[in-house]
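Start counting the sequence shown at 0; every next residue gets the next number (numbering that gives the first Met the number 0).
Report on the following structure.
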Amino acid sequence: MLSYLHAFHAGNFADVQKHAALTLALAMMQAKKTPIACFDTHAGSAMYDLASDRARKTAEADSGIQRLWAMRQRLASTDWRPMLEVLARHNGAGETLAHYPGSPAWFAEFARPGDSVTAFELHPSEGRALEIWARDAGIRVLQQDGLAGLVRQLPPPQPRLLTLIDPSYEIKDDYQQVSDTLHKAWKKCRHGVYLIWYPILTSGLEQRLISELEKGDVRKILRHEVRLDQPPERGMVGSGLLVVNPPWGFEQRFVAMMDDVQGDAGLGLSQSLSWLVPE
Numbered sequence: 000m001l002s003y004l005h006a007f008h009a010g011n012f013a014d015v016q017k018h019a020a021l022t023l024a025l026a027m028m029q030a031k032k033t034p035i036a037c038f039d040t041h042a043g044s045a046m047y048d049l050a051s052d053r054a055r056k057t058a059e060a061d062s063g064i065q066r067l068w069a070m071r072q073r074l075a076s077t078d079w080r081p082m083l084e085v086l087a088r089h090n091g092a093g094e095t096l097a098h099y100p101g102s103p104a105w106f107a108e109f110a111r112p113g114d115s116v117t118a119f120e121l122h123p124s125e126g127r128a129l130e131i132w133a134r135d136a137g138i139r140v141l142q143q144d145g146l147a148g149l150v151r152q153l154p155p156p157q158p159r160l161l162t163l164i165d166p167s168y169e170i171k172d173d174y175q176q177v178s179d180t181l182h183k184a185w186k187k188c189r190h191g192v193y194l195i196w197y198p199i200l201t202s203g204l205e206q207r208l209i210s211e212l213e214k215g216d217v218r219k220i221l222r223h224e225v226r227l228d229q230p231p232e233r234g235m236v237g238s239g240l241l242v243v244n245p246p247w248g249f250e251q252r253f254v255a256m257m258d259d260v261q262g263d264a265g266l267g268l269s270q271s272l273s274w275l276v277p278e
């Protein structure tokens, strides 16, 4: 149950989609001065060495964030700029990236005075690494189940909420638990912005999550997917995001960002966007 380590997959095409959406949502929400409570339900270890044995075993970053970095001068959307600036701070201006931030690091990079960041991580070694990193990052780490922990923390003292929910889905029950958690969280904080990541698999298991949310009470769910143009025969063929209560104009700006990385000249993927559940 605790075998998954994101170090094998850090910086892959799914991370590009996920963290582009996260940084865009943060930037758009921070256009207003009111504080934001940020929650990361499956935080991982915060910073990843792209030259490590784990990262090089899969080399998934090569066709993900490394390719994005190589084409950074050709990206048309200015919404890539905050993400690229963070990568440059951690890596300099070299031709390849040595380090890649995980989701708690992206939250911490953008947090303002008054904003709070709470990161959950249940995996023992990942949680210890996260705690060591967090000592200087100014975020709170809770080594507990992030889905149950999120519901206990809501509603937050801050007037606004941004939550990232992205389990590994190694356990088939995760799809149902994510749906159940979102319904509980939404009832406690209906104005919150929730980002839910899911893998698109050859098995189609992600449809459990989609169908549960389609028939549920949560409203205003935007669905964005990217699919590999040359998918593997088994496993993950794409990456999906559900955005509950996206900031006004988010969908147009996010599509423009992902337009920059479509096709052979980009990350070798195509995108689609629709409203899973309207307002």
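The beta-carbon is built from N, C-alpha and C at its ideal position, and this holds for glycine as well.
In this text, all values refer to a predicted model and were calculated from it rather than measured experimentally.
Linking Ser178 to Gly239 through their CA atoms gives a straight-line distance of about 15 Å.
Rounded to whole angstroms, the gap between the alpha carbons of Phe119 and Ala110 is 17 Å. Residues Leu268, Ser269 and Gln270 of the same chain have their beta carbon placed closer than 7 Å to that of Gln261, with the five preceding and five following residues left out of the count. Within a 10 Å sphere around the beta-carbon of Arg233 sit fewer than 16 other beta-carbons, which makes this residue exposed. Counting along the chain, Arg73 sits inside no alpha helix (DSSP H), nor does DSSP assign it H or E at all.
Proximity to Pro198 across Thr162, Leu241 and Pro158 peaks at Leu241, based on C-alpha coordinates. Taken through DSSP and simplified to helix, strand or coil, Ala92 comes out as coil. When secondary structure is reduced to three states using DSSP, Asp48 falls in the strand class. Apart from the 5 residues on each side of it in sequence, Arg226 sits with its Cβ closer than 7 Å to the Cβ of Ile199, Val236, Gly237, Leu268 and Ser269 in its chain, given in chain order. If you draw a 10 Å sphere on the C-beta of Ala264, you find fewer than 16 other C-beta atoms in it, and that means exposed.
The three-state secondary structure of Ala136, taken from DSSP, is coil.
Spanning the alpha carbons of Leu96 and Gln65 requires a straight line of approximately 6 Å. Taking C-beta separations shorter than 6 Å and ignoring five residues to either side along the sequence, the partners of Leu67 in its chain run Val15, following chain order. Gly239 is bridged by DSSP to Tyr197 and Glu224. Contact between Leu21 and Leu194 holds: their C-beta atoms lie close to 6 Å from each other, under 8 Å. Nearest C-alpha to Gln206 among Pro231, Tyr168, Cys188 and His182: Tyr168. In the three-state reduction of the DSSP assignment, Gln157 falls in the coil class, being assigned neither a helical nor a strand state. For Asp165, the secondary structure class from DSSP, reduced to helix, strand or coil, is coil. For Val192, the three-state secondary structure derived from DSSP is strand. Out of Lys56, Leu23 and Asp228, the CA that lies nearest to the CA of Ala9 is found in Lys56.
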